[in-house]
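Undergrad:
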Amino acid sequence: MAVGSECEVVAIFISIILFAVVFAILFTRHYKSRRAKANARVYFNMHRESMIERLNIMLVRFGQKYRKELEQKLIDAGIYNTNFAKYYFPIKMSVIGMVSISIVMSDFSSSNKLVIGMLCMIAIIVIPDMVLAARKAALIRKTSQQLPYMLDMMSVCVQTGMTIEASLVYLGAELESFDKDLCFQIRKTSDSARLYGLEKALNDLSERIPTSEVRSFVLTLIQNLQYGTSIANVLSDLSEDMRKMEVLTIEEKIGKLSAKMSIPLILFIMFPIVILILAPGIMQMSLDIG
320 MAVGSECEVV AIFISIILFA VVFAILFTRH YKSRRAKANA RVYFNMHRES
370 MIERLNIMLV RFGQKYRKEL EQKLIDAGIY NTNFAKYYFP IKMSVIGMVS
420 ISIVMSDFSS SNKLVIGMLC MIAIIVIPDM VLAARKAALI RKTSQQLPYM
470 LDMMSVCVQT GMTIEASLVY LGAELESFDK DLCFQIRKTS DSARLYGLEK
520 ALNDLSERIP TSEVRSFVLT LIQNLQYGTS IANVLSDLSE DMRKMEVLTI
570 EEKIGKLSAK MSIPLILFIM FPIVILILAP GIMQMSLDIG
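In this text, residue positions in the sequence shown follow this note's numbering: the first is 320, and each later residue adds one.
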């Protein structure tokens, strides 16, 4: 009986040990599985957050760059309130959305809807930029035409004893009622001259307004800075030369007008006259033949 009891105790002990080993193995596997899932979840979340952060940073950088470019386009077009830049893209998207909804709800066929939608989208995207570019070109021409008046006033300021920098500051304040666009360019040049020097500011002015008149004005002032030549009489002569060039340009356009008028004269006057002359004879011949 004692031997049997000892065997039962040993068997129970071995069973307990085996159960403990199996339980430990199963628990370890379950723990490793949960740990692996948790690590995978953490890695996925970190990777997803990093992707979202990268996308957010990319969009922010793109938005800042696009907004700066748009602000510069608005300034070049004569729209100096840069707060409009933040409404430019949302307005475009809103118009595209409204046009898309209108086209979808219309009675056109699918192919016509696709063509009309593409044309409208291209127009909404391209036309505003074309308008800004056209305004920029018109503003450059207008500023160049107003430059001789500014040169006369600057010549008077220099003759009274003002320096070039002081005359720019004075003209930037006085020309507001005369031409706000020219006034803006003068103020920007004056502010840039305080920070980077007058020569750098004048070179920037010639880059913003790339016309022959502005380049002549800039080269004249830079020559005065480098060699110390008299500037008052030179500015007066330069303004007079610009006016003469403007008159010559107008005369050239008038001279070309006769050649341009010949095409509509031929199309709308000569051909109808020929038809009126020949029509009765042709009609009479057709009646005689008939």
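C-beta atoms are modelled at their ideal positions from N, C-alpha and C, and glycine is treated no differently.
1) Going by C-alpha to C-alpha distance, which of M473, S496, L494 and E495 sits closest to A485?
2) Quick check on DSSP: helix, strand or coil for A396?
3) Rounded to a whole number of angstroms, what is the C-alpha to C-alpha distance between I594 and I582?
4) Based on Cα-Cα distance, which residue from M602, L389 and L517 lies nearest to L487?
5) With H, G and I counted as helix, E and B as strand and the rest as coil, what does DSSP make of T462?
6) Within a Cβ cutoff of 7 angstroms, which residues of the same chain sit near I608, ignoring the five residues on either side of it in sequence?
7) How about V418 and I443: are their beta carbons less than 8 angstroms apart?
8) Can you find a heavy atom of the ligand NAP that lies under 7 angstroms from the Cβ of I585?
9) For the alpha helix (DSSP H) containing N402, name the first residue and the last one.
10) Is it buried or exposed for L490, if we count other Cβ within 10 angstroms and need 16 for buried?
11) Whole angstroms are fine: how far does the CA of R348 sit from the CA of A355?
12) At which residue ranges does the stretch 417-493 contain complete alpha helix (DSSP H) runs of 4 or more residues, listed in the order of the chain?
13) Pick helix, strand or coil for G574, following the three-state DSSP scheme.
TA: Straight from the coordinates:
1) Numbered from its first residue, the sequence shown carries residue 485 at position 166. The shortest C-alpha to C-alpha distance from A485 to any of M473, S496, L494 and E495 is the one to M473.
2) Here residue 396 corresponds to residue number 77 of the sequence shown, with the count starting at 1. DSSP, read as helix, strand or coil, puts A396 in coil.
3) Position 275 of the sequence shown, counted from the first residue, corresponds to residue 594. Position 263 of the sequence shown, counted from the first residue, corresponds to residue 582. Taking the straight line from one Cα to the other gives about 17 angstroms.
4) By 1-based counting over the sequence shown, the position of residue 487 is 168. The shortest C-alpha separation from L487 is found at L517.
5) Along the sequence shown, read from residue 1 onward, the residue named residue 462 stands at position 143. If DSSP states are grouped into helix, strand and coil, T462 belongs with the helices.
6) Locating residue 608 in the sequence shown gives position 289, where the first residue counts as 1. Annotation for I608: no residue places its beta carbon closer than 7 angstroms to its own, counting only its chain and skipping 5 residues before and after.
7) The residue given as residue 418 occupies position 99 in the sequence shown. The residue given as residue 443 occupies position 124 in the sequence shown. Taking 8 angstroms as the Cβ cut-off, V418 and I443 qualify as a contacting pair.
8) In the structure shown, the ligand NAP is absent, as is every other ligand, since no ligand is present at all.
9) Mapped onto the sequence shown, residue 402 falls at position 83. In this chain, N402 is not harboured by any alpha helix (DSSP H), its DSSP state being neither H nor E.
10) Walking along the sequence shown from the start, residue 490 turns up at place 171. With a threshold of 16 other beta carbon atoms within 10 Å, L490 meets it and is buried.
11) For the purposes of this step, residue 355 is taken as the residue at position 36 of the sequence shown. For the purposes of this step, residue 348 is taken as the residue at position 29 of the sequence shown. Our two residues, A355 and R348, have alpha carbons roughly 10 angstroms apart in a direct line.
12) You should have 429-478 and 483-493.
13) Along the sequence shown, read from residue 1 onward, the residue named residue 574 stands at position 255. In the structure shown, G574 falls within a helical segment according to DSSP collapsed to helix, strand and coil.
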